[in-house]
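Presented below is the structure to which this report refers.
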Amino acid sequence: MVFTSGASEAATLGLVGAMLGASERPNVVIGATEHKAIIAAAELGARLVGGEVRRVDVGPDGIIDLQKLSELVDGSVGVVAVMAANNETGVLGPVLEVGRVAALAGSLFFVDATQLVGKASLAVTAETADLMIFSSHKIYGPKGAGALIASRQVQKSIVPIVPGGGQERGIRGGTQNTPSIVGFGLAAELVMKEQPNDAARIHQLASDLFAALCDDIPGVELNGSDSQRLSNTLNLRFIGADAEAVMASMPDVMVSSGSACQSAVTSPSHVLLAMGMTSAAAAESLRISLGRPTTCEEINVSASAIATAVSRVRDMTAA
1 MVFTSGASEA ATLGLVGAML GASERPNVVI GATEHKAIIA AAELGARLVG
51 GEVRRVDVGP DGIIDLQKLS ELVDGSVGVV AVMAANNETG VLGPVLEVGR
101 VAALAGSLFF VDATQLVGKA SLAVTAETAD LMIFSSHKIY GPKGAGALIA
151 SRQVQKSIVP IVPGGGQERG IRGGTQNTPS IVGFGLAAEL VMKEQPNDAA
201 RIHQLASDLF AALCDDIPGV ELNGSDSQRL SNTLNLRFIG ADAEAVMASM
251 PDVMVSSGSA CQSAVTSPSH VLLAMGMTSA AAAESLRISL GRPTTCEEIN
301 VSASAIATAV SRVRDMTAA
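Heads up, the sequence shown is in the UniProt record's numbering, so the first residue is 1 and it goes up one at a time.
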């Protein structure tokens with residue numbers, strides 16, 4: 001395990017470092033719905049090694065097209081990088097199947113597990129991935145800590161892009177943020193212990209919220225797979241209601257129209273566009289995320305507030 005300042009740094013160190021180490025196979029394959037940090041790291045790595053970024057399509061359910069993946073992964077691909085769970089839709093990636101495609105081609109398999117840790121089992125991902133990243137604050141630990149996990153053999157192939165003083169086995173130079181790392185470890189222990197109970201409770205809360213919204217207002221659609229998904233994330237389209245206007249109409253309810261770390265960005269979600277949605281449909285979609293602190297009362301209040309806001313925006317649009 002290599003400690004970093006967060007998942008974005010871990011993505012850059014791991015993905016770019018692996019691409020530099022496999023420069024004789026300069027191309028990289030990523031999913032079309034990856035986090036911006038993965039996209040940026042893949043593009044940087046490709047520029048440095050003279051390769052190309054190949055993006056594999058997803059279906060309307062947000063799940064990677066394995067046939068198209070197989071067509072893109074060949075002997076020129078050094079790394080295949082996908083996310084275990086999408087940060088905007090909660091859709092789970094077919095990690096095992098993608099890992100098999102990468103292994104058959106002799107490519108390293110990089111998995112962004114940032115959204116998965118603490119919400120679902122890591123067993124398959126940990127067994128399949130050559131490199132895996134996640135972040136402290138996503139599991140209620142302190143900000144400023146993340147991790148890159150790779151076997152010692154794979155670590156030896158990574159070319160460090162922050163050599164520094166040789167810390168973290170020479171992969172990530174610079175003085176470690178010890179307090180945040182300690183807190184990260186304690187948070188990981190706690191979340192692994194509580195995950196089964198948390199997942200069941202949050203699944204029920206999310207189901208209750210979705211059911212309440214569907215009962216209160218018409219034209220509510222779930223974006224992405226309704227079965228292969230995390231229990232805590234709902235990405236909903238409210239037909240005929242601009243998402244930005246809905247958010248402005250309910251300032252006390254914290255939702256977003258894209259990823260949480262890009263909540264101020266107003267352009268259509270690249271994730272929803274990759275799933276085949278039009279810009280107009282994507283602009284009517286909200287990401288709602290539940291967590292360990294979420295209560296039944298908050299679900300009831302939020303459902304009422306969202307329904308009221310959507311109805312208000314629709315009325316204003318129709319006027």
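Every residue, glycine too, gets a C-beta built ideally from N, C-alpha and C.
From the DSSP output, in three-state form, read off residue i for me.
i, result
"Glu43", "helix"
"Asn27", "strand"
"Asp216", "helix"
"Ile299", "helix"
"Glu34", "coil"
"Ser256", "strand"
"Ala180", "Inspection of the sequence shows that residue 180 is occupied by Ser rather than by Ala. Three-state DSSP puts Ser180 in a helix."
"Ala85", "strand"
"Ile202", "helix"
"Ile306", "helix"
"Asp112", "strand"
"Thr125", "helix"
"Ala147", "strand"
"Met250", "coil"
"Arg152", "helix"
"Gly78", "strand"
"Arg100", "helix"
"residue 323", "An answer regarding residue 323 cannot be provided, because it is not within the stretch 1 to 319 covered by the chain."
"Val58", "strand"
"Asn235", "strand"
"Arg314", "helix"
"Met132", "strand"
"Thr4", "strand"
"Val16", "helix"
"Ser227", "coil"
"Arg292", "coil"
Are the beta-carbon atoms of residue i and residue j separated by less than 7 Å?
i, j, result
"residue 324", "Leu230", "Given that the chain is displayed from residue 1 to residue 319, the structure contains no residue 324 and the question cannot be resolved."
"Leu286", "Val255", "yes"
"Ala305", "Met250", "yes"
"Val58", "Met275", "yes"
"Ala18", "Ile133", "no"
"Gln115", "Phe3", "no"
"Ala243", "Ala283", "yes"
"Ala113", "Gly78", "no"
"Phe184", "Ser136", "yes"
"Val91", "Ser225", "yes"
"Arg169", "Val162", "no"
"Thr12", "Ala41", "yes"
"residue 392", "Thr294", "Here the chain covers residues 1 to 319 and nothing more, so residue 392 does not appear."
"Ala241", "Arg314", "yes"
"Ala7", "Gly146", "yes"
"Thr89", "Gly45", "no"
"Ala103", "Val80", "no"
"Val154", "Asp130", "yes"
Exposed or buried, residue i, counting other C-beta atoms within 10 Å across all chains shown (16 or more means buried)?
i, result
"Ser267", "exposed"
"Pro218", "exposed"
"Pro160", "buried"
"Gly34", "First, the residue type needs correcting, since residue 34 is Glu and not Gly in the sequence shown. Per the 10 Å Cβ criterion, buried."
"Asn300", "exposed"
"Glu71", "exposed"
"Met277", "buried"
"Ser151", "exposed"
"residue 332", "Any property of residue 332 remains undetermined from this structure, which presents the chain solely from 1 to 319."
"Ser107", "buried"
"Asn197", "exposed"
"Ala280", "exposed"
"Gly166", "exposed"
"Gly75", "exposed"
Between residue i and residue j, which are expected to be in contact by the criterion C-beta below 8 Å, what is the C-beta distance as a whole number of angstroms?
i, j, result
"Ala307", "Asp216", "4 Å"
"Thr233", "Ser269", "Contact doesn't hold; Cβ gap of about 13 Å is too wide."
"Gly14", "Leu148", "5 Å"
"Ala32", "Val56", "6 Å"
"Gly93", "Phe109", "Incorrect: roughly 12 Å between the Cβ atoms, too far for contact."
"Glu221", "Ile239", "7 Å"
"Tyr140", "Val191", "7 Å"
Could you confirm whether any beta carbon from chain C is found closer than 7 Å to the beta carbon of residue i?
i, result
"Ala241", "No chain C is part of this structure, which consists of one protein chain only."
**Study point:** Three or more C-beta pairs below 8 Å linking the stretch 81 to 101 and the stretch 220 to 229
**Key:** yes
Point to revise | Stretch-stretch touch, CB-based, cutoff 8 Å, three pairs: the stretch 44 to 55 with the stretch 25 to 34 | key: yes
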